[in-house]
Amino acid sequence: MKNFFIVIVAMVSGISGMLFGYDTGVISGAILFIKQEYPLLLLLPFLQELVISAVLIGAIIGAIIGGSLADRYGRRKMIIIAAIIFAGGAIGTSLTFNIIFLIIGRVIVGIAIGMASFIAPLYISEMSPPRIRGSLVSLNQLFITIGIVISYLVDYALTPISGWRYMLGLAAIPAIILLIAMIFMPSSPRWLVNNGEMEKARSTLIEIRRTNDINNELNEISTSLDKQKGGRKNLFNPLIRPAMIVGISLAIFQQVTGINTVIYYAPTIFEFAGFQSAAAAIFATIFVGIVNVLFTLVAIFLLDRVGRRKLLLLGLTGMSGMLIMLGIVFFLPSLLNQLGTLAAISLISYVGFFAIGLGPVFWLLISEIYPLKVRGLAMSIVTVANWGSNLIIALTFLTLIQLMGRTGTFWLYAVVGILALIFTYTYVPETKGRTLEEIEEHWRGGKHPRELGR
Ligand code: BGC
């Protein structure tokens, strides 16, 4: 198979996606036992919130520093560095002997997540042939969802022994596998060209395309690069501005439509919906994770056939509809018992719609729409917006429920979903089947984003 090698490359770097999912998901179960060992957390709820959100704070830091490093030292090297931090953070947090070290350790794990979250899609995107780039980049999202399910299962399995240290420490295994495997992976040919290493770029392209016929692609990359002036200042150039608006808006929409309230608080929501036992709520949560994986697989199948825009529009319509429905269900508390099932169905469908659209499409689009010279930096800014919004939602969800009630909160997310739908319809480009250089050329023409792909 011609694309065998590139699929392997995408899967290997996708292990960092698995760590992203695992390390963000694992804390929901681990925190129960961390509280038992450190009763201080019960006295100071603020400290508990800090343990939970430390990863998000770290991810913001990782996203800030990762961009220029990925442009300077290359995508592959930065994934290797992230793998080392992942492994160190996992071992460190599992051996910690006080709460402050635990928090610092989680921030460090977060730094690796923040870096890997955008450098892996960037790396895969730059290696992929245009025809299957959507599927390959979204393998990273698939791994994120698999990581989340594994974290739920591990939490569940280790509950009888209260094994929070194992829960956190087990992440070292995939991190070490990632580290070793990445050493054998090639550098991104586009980054090599940008770095002036033409011969290496040529041999890498021959290796990953499995053909000697790579001159056109190489020429296209270097011609496109020659046309870009001004390096980093380019980022604030009016021609790139539309791409920045697309990226930052989708980053915020991906979080502010509430996905992580479900990923982080699913058992709580299922309890609202009338699921009596904790075991039932946990089981339902695992089911949510599996639906997330399955629909991401559907997206991987469709992205390069149907296109990014259509899936995003479909996904956002479904998510908004399901959020409205959840609001209605919670509006009728007296009927809650009968409606509990309906709430569960809405919640699970909401996750399915996320997985088919906003989940994979956001990370995919931002790996495609920026010019090579500033790609790392631009993605890092957008990724900061994503993790920043994630943190805000994580810190405000329970307060919002207190202030606005469940119905109000879900309807608020629904309003954001509808705004995202309008924004996508009017502004988001279609990148299916285009080379990254064709996409750059589009911005140089000063055209509206939506005209791309028409
Ligand atoms: C988002 C994460 C989310 C995950 C759920 C990712 O695309 O960035 O915040 O937890 O999807 O599958």
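The working numbering puts the first residue of the sequence shown at 50, with every later residue one more than the last.
Ideal Cβ positions, reconstructed from N, Cα and C, are used throughout, including at glycine.
Discussion item. Taking its Cβ as the centre, do 16 or more other Cβ atoms sit within 10 Å of L351, making it buried, or is it exposed?
Written reply: buried
Discussion item. Can you look up H497 in the DSSP assignment and give me helix, strand or coil?
Written reply: coil
Worksheet item: Counting pairs of Cβ atoms below 8 Å between the segment 394-411 and the segment 247-264, do you hit three or more?
Response: no
Practice prompt. From the DSSP output, in three-state form, read off D262 for me.
Written response: coil
Worksheet item: Does the distance from the C-beta atom of L171 to that of G482 stay below 8 Å?
Response: No, they are not a contact pair.
Practice prompt. Could you spell out the range, first to last residue, of the alpha helix (DSSP H) harbouring A139?
Written response: R124 to L144
Discussion item. Given a cut-off of 8 Å on the beta-carbon distance, is the pair V295 and P498 in contact?
Written reply: yes
Worksheet item: Quick one: does the C-beta of W412 sit closer than 7 Å to a heavy atom of ligand 1?
Response: Correct: W412 has its Cβ closer than 7 Å to ligand 1.
Discussion item. Relative to the C-alpha of I441, which candidate in G218, S273 and E98 has its C-alpha closest?
Written reply: E98
Worksheet item: Within this structure, are the beta carbons of K422 and N244 separated by less than 8 Å?
Response: no
Worksheet entry | Neighbourhood of I193 by C-beta distance below 6 Å, restricted to the same chain and skipping five residues each side | G66, F69 and G70
Worksheet entry | Nearest neighbour of F167, chosen from L447, A463 and A427 [CA to CA] | Closest in alpha carbon position to F167, among L447, A463 and A427, is A427.
Item to complete: Put R503 into one of helix, strand or coil per three-state DSSP.
Response: coil
Worksheet item: Buried or exposed: T306, going by 16 or more other Cβ atoms within 10 Å of its Cβ?
Response: The residue is buried, with at least 16 neighbouring Cβ atoms inside 10 Å.
Discussion item. Suppose you measure from the CA of G389 to the CA of A315; what does that come to, to the nearest Å?
Written reply: 14 Å
Worksheet item: Going by alpha carbons, who is nearest to L444 out of K359, I106 and S62?
Response: With distances taken between Cα atoms, L444 lies closest to I106.
Worksheet item: Which of helix, strand or coil does DSSP assign to S237?
Response: coil
Discussion item. Less than 8 Å between C-beta atoms, sequence neighbours within five positions excluded: which residues of the same chain meet that for N439?
Written reply: Around N439: L105, A108, Q304 and N309.
Practice prompt. Could you name each continuous beta strand (DSSP E) segment of 3 residues or more that falls completely within the segment 145-222, going from the start of the chain to the end?
Written response: none
Worksheet item: Are E486 and G502 touching if we call contact CB-CB under 8 Å?
Response: no
Discussion item. Does the beta-carbon of T73, which I'm using as the reference point, lie nearer than 7 Å to any heavy atom of ligand 1?
Written reply: yes
Discussion item. Give me the residue from E246, V156, I331 and N286 with the minimum Cα distance to S271.
Written reply: E246
Worksheet item: Helix, strand or coil for R483 per DSSP?
Response: coil
Worksheet item: Do the segment 213-227 and the segment 111-124 make contact, defined as three or more Cβ pairs closer than 8 Å?
Response: no
Practice prompt. Alpha carbon to alpha carbon, how far is L92 from T514? Give it in angstroms, no decimals.
Written response: As displayed, the chain neither begins before 50 nor continues past 503, which places residue 514 out of reach and without an answer.
Fill in: Cβ-heavy atom distance, I339 to ligand 1, below 7 Å
no
Discussion item. Checking 8 Å against the spacing of the C-beta atoms, do L151 and V100 come in under that value?
Written reply: Taking 8 Å as the Cβ cut-off, L151 and V100 qualify as a contacting pair.
Worksheet item: Can you name, in chain order, every residue of its own chain whose Cβ lies under 6 Å from the Cβ of L188, other than the five neighbours on each side?
Response: Same-chain partners within the cutoff: A59 and G63.
Worksheet entry | C-alpha distance - L219 paired with F446, whole-angstrom precision | 29 Å
Worksheet item: Can you give the Cα-Cα distance for L391 and P94, rounded to whole angstroms?
Response: Whole-angstrom Cα-Cα distance: 33 Å.
Discussion item. Three or more C-beta pairs under 8 Å: does that hold for the segment 374-383 against the segment 459-473?
Written reply: By the criterion of at least three beta-carbon pairs nearer than 8 Å, the segment 374-383 is in contact with the segment 459-473.
Fill in: Separation of G111 from F344, as counted between CA atoms
Their Cα atoms are separated by approximately 28 Å.
Worksheet item: Less than 8 Å separating the beta-carbons of A161 and I301?
Response: For A161 and I301, no; Cβs fall outside 8 Å.
Worksheet item: Which whole-angstrom value describes the C-beta separation of S369 and G466, a residue pair presumed to lie in contact below a C-beta threshold of 8 Å?
Response: 4 Å
Worksheet item: Can you tell me the Cα-Cα spacing of V347 and M371, whole angstroms?
Response: Taking C-alpha positions only, V347 is separated from M371 by approximately 19 Å.
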